[in-house]
Structure formats: C-alpha cells, structure tokens
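Enquirer: Counting from 1, one number per residue, gives the positions in the sequence shown under UniProt numbering. All C-beta atoms, glycine included, are put in the ideal place defined by N, C-alpha and C. As the structure is a prediction and not an experimental result, all values here were calculated from the model. What follows is a structure written as structure tokens; I'll ask about it next.
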Amino acid sequence: MKELLKKYIEGKTDATETETVENWILSSDKNQKTYNILKTANTINSFEETEARINVDKELIKLKASKTKSSKSIRTYYKYAAIFIVLLGGAYIFLIQNSFQQKSIPENAITLTLDDGTIKVISENSEEEILSSTGKMVGVKGLNKIVYKNIANNIETEAVSYNTLNVPYGKQFNLELADGSVIYLNAGSRITYPTNFNGQKHREVLISGEAFFEIAKDTLHPFVVRANNLGVQVYGTKFNVSAYKEDATVQTVLVEGSVGLYSENEDKKTETTFLKPGYMAIWEKADENISIGKTDVSIYTSWMQGELVFKHMPFRNILKKLERHYNVSIDMPTDSIANLTFTASFNEDKALPEVLETFKQYYGIHYQINNNKVNIY
C-alpha cells in the first residue's frame, strides 16, 4: 500500500488506483495518519534545503525549507531518505500506540484527527481551542462549528499540516477554513484539509460524503475539491457536492458563481467542464462520464435548512438518505419496491417512525423497526 500511496501523492495513479487510495485514506483515522506523514515526506523533496527536528517520543515534526530550486546533491538525497525512513517508523509507532485510543472512541462521535494523528472527540455544544501537534492554537471550536484562524506564518519554517474531520451518520457539522471558506458537512461525511494555506498555490481539500461549500474568493489561489478521482476547481462560489463512496456517482450542484470539473486520472485527461448556477453535473465513477442538466438546487441543499426533500427519487436512494440521517441500518427491499420513485418532504426533526408511517399510509410500504435496524417489505 505504501508504494500505491507514494504513486498517488505524485499524481501518477489511474482511476481505479485513485479510488482505491482515497477510499483507504478516508476509511479510518489510522490510514489518514499514514497518508499525512507520507505527504509531508513528499513535500520535503519540493524544496532545496530542509532541516528536520524529529522527536520520536512526541511524534513532533517540523520542517524548515527554502524556496530556491536547484539540483540535489547525493548528500541531500541521503538526508531526505533518512528523514523518510524515520517518518515511516514514527507512523508505525504511532499506529501501535494509538490503537487503544481509537477503541475508546464512540462510533457516533464527531472526531478531529490532528496532523500528528491525535484523535479528538468533538463535543457539539462546548467551546475549546484547537491546537496543532506543536501546541500552537490554529482554531476555535464553537457551537457545532470549528473556525480556523488565518494566522500569518513564516512559510519557510512551517510545514503544511492537515486535519481530518469525521461526521458520523445522524449528525451534521460546520467548518470554517483559514481562508474564510465555510463548509457544511452532512451526515456520514469526512473531509481532509490544511490548517492554513500559506505558501500553497492551490487551496485543496479531500471529501467523502456530502458537503455544501461557500468558498472565499481568491483568484490567485484556486480552491480545489477532490472527490473520488473528480476534481472541482473554483475561485469563489457556492455549491453542493455529494460523493459518498458507496454511491455510483458524484453529484455537483452549483448555486452561485462558476466551477470547473475535470478528471484527475492521468490516463483520462479531459477538458474542464464548466457549470452554470442552477445546473447539476453527474459524474459516473465507472466510466468517468459527466452529464449536465438544469435542476432545482433547493432539493439538493434542503438538508442545510433542516429538511429532507425527495423528488422523483428511487426508494432505494431515499432509504440510503434515511440511513445516514437517522443513523440506522435499513434492509433493502425487493427491486419491485426499491425501484419505485417517490416525491416527499419532511422536517429533519420528524422521527423515523413518522417518516416511514407516511410511506405506509400513502404508498402501502410496510416496515418493522428493531432497535437501530429497519426491515422494509
């Protein structure tokens, strides 16, 4: 897996490999830790000179780099190789030490993975400071939201650090990045992002799940959302991306501004497809085809207003959304029922039995609830 990760970081994976790596990264906080360390090690090689101070006991890594580019000497090469080996060793030690911590985290907890792999359980109703692995305050957690500070760092002494926010089924959470961009995360979503954008040409995040983006304008530093081998590039706009790993498509709905969509697969480089407000792009994961059509954007952003809206939607898709929203497991009915399409809307505070009862009364759908499992027949 390490070789595939290295290939992915260097942008050399094909569509299948990219999807495999991104699913692996987003599947657990341990995997995210390994990815962060390898990405940091790769960053070293983009600078001519690097001084690293590594404290193995505390897993603290600081990198000092200059921006002047020149050919690397053999001596520098061995230095980088040594650093890379220590980083991998540190990752291994961390994964062993961190296994107990992960077992103690409730499955329904919102978690934040810091750049050193530390996993914090996020309380939705308390306020606290968000610290980096070096103890520096990088943000503040308020009520149902984390706000990162736009602190001017010395880019020659600060390595890029990444955090990962994981929102389980049954919950939603908001995030404000250091550039002022605001991201609303729906249930069952995970996002990886830098704690600051100093010295970076692009503002880049990796998403799995569903999120609504309000991107701060910065024409010099385009914002890029990466989702299942699909790249969405924006300069300042509002849009919704649904990219759950179990879904066959990635849906992008544009509310305001302009976005460009493109394949990140090196073997299938295509021209950028642009969206206009009021349109939706559907990207097929299997063949990477993009289809565009006009749509009612309110249907796809209603979850932010506390509504569940379904319009001519197959019942199997409705049940999947109910699973995520209510954090339950629903047994999929037979195809004759699952393929039926329905139009309905509910307030998010409506209990699941009430929602299912509506389908029973109006459409003759029967159900049985046993704890957090639902059987449809």
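Do the CB positions of phenylalanine 173 and isoleucine 110 come within less than 8 angstroms of each other?
Expert: Yes.
Enquirer: Any idea which residues DSSP pairs glycine 188 with across the strands?
Expert: According to DSSP, glycine 188 bridges with nothing at all.
Enquirer: Do three or more CB pairs link the region 193-207 to the region 160-167 at distances below 8 angstroms?
Expert: Enough Cβ pairs lie closer than 8 angstroms, so yes.
Enquirer: Pop quiz: tyrosine 326 and valine 253 are said to be a contact at Cβ under 8 angstroms. What is the actual Cβ separation, rounded to whole angstroms?
Expert: About 23 angstroms separates the two Cβ atoms, so there is no contact after all.
Enquirer: Determine the closest residue to leucine 220 out of Gly199, Phe239, Val167 and Lys285, with distance taken between C-alpha atoms.
Expert: The candidate whose alpha carbon is nearest that of leucine 220 is Gly199.
Enquirer: Taking just the CA atoms, how far does aspartate 335 sit from leucine 143?
Expert: Each residue's Cα considered, the two are about 42 angstroms apart.
Enquirer: Tell me, to the nearest whole angstrom, how far the beta carbon of phenylalanine 223 is from that of valine 234; I am working on the premise that it is less than 8 angstroms.
Expert: Confirmed, Cβ separation roughly 5 angstroms.
Enquirer: Is leucine 112 helix, strand or coil when you go by DSSP?
Expert: If DSSP states are grouped into helix, strand and coil, leucine 112 belongs with the strands.
Enquirer: Here's the rule I'm using: 16 or more other beta-carbon atoms within 10 Å means buried, otherwise exposed. How should isoleucine 369 be labelled?
Expert: Result: exposed.
Enquirer: Which residues in the same chain have their Cβ closer than 7 angstroms to the Cβ of asparagine 317, if we skip the five residues on either side of it in sequence?
Expert: Nothing meets the Cβ criterion.
Enquirer: For the region 271-281 against the region 289-304, are there 3 or more C-beta pairs whose distance is under 8 angstroms?
Expert: Yes, since at least three Cβ pairs between the region 271-281 and the region 289-304 fall closer than 8 angstroms, the two stretches touch.
Enquirer: Grouping DSSP H, G and I as helix and E and B as strand, with all else coil, what is methionine 304?
Expert: If DSSP states are grouped into helix, strand and coil, methionine 304 belongs with the helices.
Enquirer: So, under 8 angstroms CB-CB, leucine 230 and valine 250 are touching, yes? Tell me the CB distance rounded to an integer number of Å.
Expert: Right, their Cβ atoms sit about 5 angstroms apart.
Enquirer: For the region 307-321 and the region 345-364, state whether three or more C-beta atom pairs, one from each stretch, are separated by less than 8 angstroms.
Expert: Touching, yes, given that three or more Cβ pairs across the two stretches are closer than 8 angstroms.
Enquirer: Quick one: complete alpha helix (DSSP H) runs, 4+ long, within the region 294-343?
Expert: The region 294-343 contains these whole alpha helix (DSSP H) runs: 297-301, 315-326 and 335-338.
Enquirer: In the structure shown, what three-state DSSP assignment does lysine 238 receive?
Expert: The answer is strand: DSSP assigns lysine 238 an E or B state.
Enquirer: Going by beta-carbon coordinates alone, are serine 189 and valine 225 separated by less than 8 angstroms?
Expert: No, Cβ-Cβ distance for serine 189 and valine 225 is not below 8 angstroms.
Enquirer: From Ala338, Met332 and Ala178, pick the residue whose C-alpha is nearest to that of alanine 216; which is it?
Expert: Selected option, being the one with the closest Cα: Ala178.
Enquirer: Count the other CB atoms within 10 Å of the CB of lysine 321; is the residue buried (16 or more) or exposed (fewer)?
Expert: Flag for lysine 321 reads buried.
Enquirer: Which value, in whole angstroms, describes the spacing of the CA atoms of isoleucine 25 and proline 353?
Expert: In a straight line, the C-alpha of isoleucine 25 is about 35 angstroms away from that of proline 353.
Enquirer: Looking only at C-alpha atoms, which of Ser208, Asn265 and Ile119 sits nearest to glutamate 22?
Expert: The shortest Cα separation from glutamate 22 among Ser208, Asn265 and Ile119 belongs to Ser208.
Enquirer: In this structure, does DSSP put isoleucine 376 in helix, strand or coil?
Expert: In this structure, isoleucine 376 counts as strand in the three-state DSSP scheme.
Enquirer: Is valine 374 buried or exposed, if buried means 16 or more other CB atoms sit within 10 Å of its CB?
Expert: Valine 374 should be labelled buried.
Enquirer: In whole angstroms, what is the alpha-carbon distance linking isoleucine 365 and lysine 136?
Expert: Looking at the two C-alpha atoms, the distance is approximately 54 angstroms.
Enquirer: Put leucine 175 into one of helix, strand or coil per three-state DSSP.
Expert: Reduced to three states, the DSSP call for leucine 175 is strand.
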